[in-house]
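Chains as they are written, first to last, in the working numbering: chain A, 1 to 114; chain B, 1001 to 1117.
The structure under discussion appears below in the form of structure tokens.
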Amino acid sequence: EAQVTQNPRYLITVTGKKLTVTCSQNMNHEYMSWYRQDPGLGLRQIYYSMNVEVTDKGDVPEGYKVSRKEKRNFPLILESPSPNQTSLYFCASSLSGFASYEQYFGPGTRLTVT
Amino acid sequence: AQSVTQLGSHVSVSEGALVLLRCNYSSSVPPYLFWYVQYPNQGLQLLLKYTSAATLVKGINGFEAEFKKSETSFHLTKPSAHMSDAAEYFCAVSDQGSGGGADGLTFGKGTHLIIQP
């Protein structure tokens, strides 16, 4: 089944404790992206990757890191999480970064930072 | 820069009634437009998209949307609401020719659709 998977689905952590949220897609998509969803704000892009070893900042990149060493994986790293990073996170992928292509979303990771 | 405005954070309709979710966009170039749906505890999935072909776009689950350039709108409609339509709906815009990223897909804040029995 074609899908985007994220792990973990739920995570509660404490301020300053480094964490990684994994994202993997099995559709051979070139483009991958991370979003955060907050009530009343919709989805905001954190980082995106046009292809392997190519990443760039989205609208809200502060406090996050990403890497794209393999085409299928695009982990999101929080080196020192803070409470304002408590949010629902979505990974997405599409065949290409060209604007007309549909993005496929993972099921989401709910992160709570205390 | 592109932006999306969704009128109404919550819309309530009776089962069987018309569903109308409003979306207005701004874009400096001809846009691509999307509607995504998010069911509870799930990721987003594409309902339909406009990519400069027909202005009336039909999507899944009986939804459709009409691109109106003069009104910079892309409202989502469904003739008869079902209980299963209860979800969060997001309108999104992307500039033609963009490579994604910060100038790629921009989402509205979402509209929560409530279906009254």
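Heads up, the beta-carbon is just placed ideally off N, CA and C, and yes, glycines get one too.
All values derive from a computational prediction rather than experimental measurement.
With 16 as the cutoff for other CB atoms within 10 Å, does residue i come out buried or exposed?
i, result
"B:Glu1088", "buried"
"B:Pro1040", "exposed"
"B:Tyr1032", "buried"
"B:His1075", "buried"
"A:Ser54", "According to the sequence as given, residue 54 of chain A is Val; it is not Ser. Exposed: under 16 other Cβ atoms inside 10 Å."
"B:Ala1054", "exposed"
"A:Pro83", "exposed"
Quick check: the Cα distance between residue i and residue j, rounded to an integer number of angstroms?
i, j, result
"A:Arg36", "A:Leu43", "6 Å"
"B:Thr1005", "B:Tyr1025", "6 Å"
"A:Ile46", "A:Leu19", "16 Å"
"A:Leu88", "B:Gly1016", "32 Å"
"B:Arg1022", "B:Ser1009", "10 Å"
Would residue i count as contacting chain D if we go by Cβ distances under 7 Å?
i, result
"B:Thr1055", "Looking for chain D here will not work: the only protein chains present are A and B."
Along the beta strand (DSSP E) that carries residue i, what are the first and last residues, could you check?
i, result
"A:Thr15", "Element bounds for A:Thr15: n/a, residue is neither H nor E."
"B:Val1013", "His1010 to Ser1014"
"A:Leu43", "Gly42 to Asn51"
"B:Asp1085", "Unbroken run through B:Asp1085: none, as it is neither H nor E."
Report yes if the CB atom of residue i is closer than 7 Å to the CB atom of residue j, and no otherwise.
i, j, result
"A:Gly97", "A:Tyr31", "yes"
"A:Val4", "A:Gly106", "yes"
"A:Ile77", "A:Lys65", "yes"
"B:Leu1044", "B:Tyr1036", "yes"
Sorted by chain position, which residues of the same chain lie with C-beta nearer than 6 Å to residue i's C-beta, five sequence neighbours on each side aside?
i, result
"A:Leu95", "His29 and Tyr101"
For residue i, which residues in the same chain have their Cβ closer than 8 Å to its Cβ, ignoring the five residues on either side in sequence?
i, result
"B:Gln1116", "Ser1012, Val1013, Ser1014 and Glu1015"
"B:Asp1085", "Val1019, Asn1061, Lys1078, Leu1113 and Ile1115"
"B:Gly1101", "Unreliable placement is indicated for B:Gly1101, whose pLDDT of 47 sits below 50; no coordinate value is reported for it."
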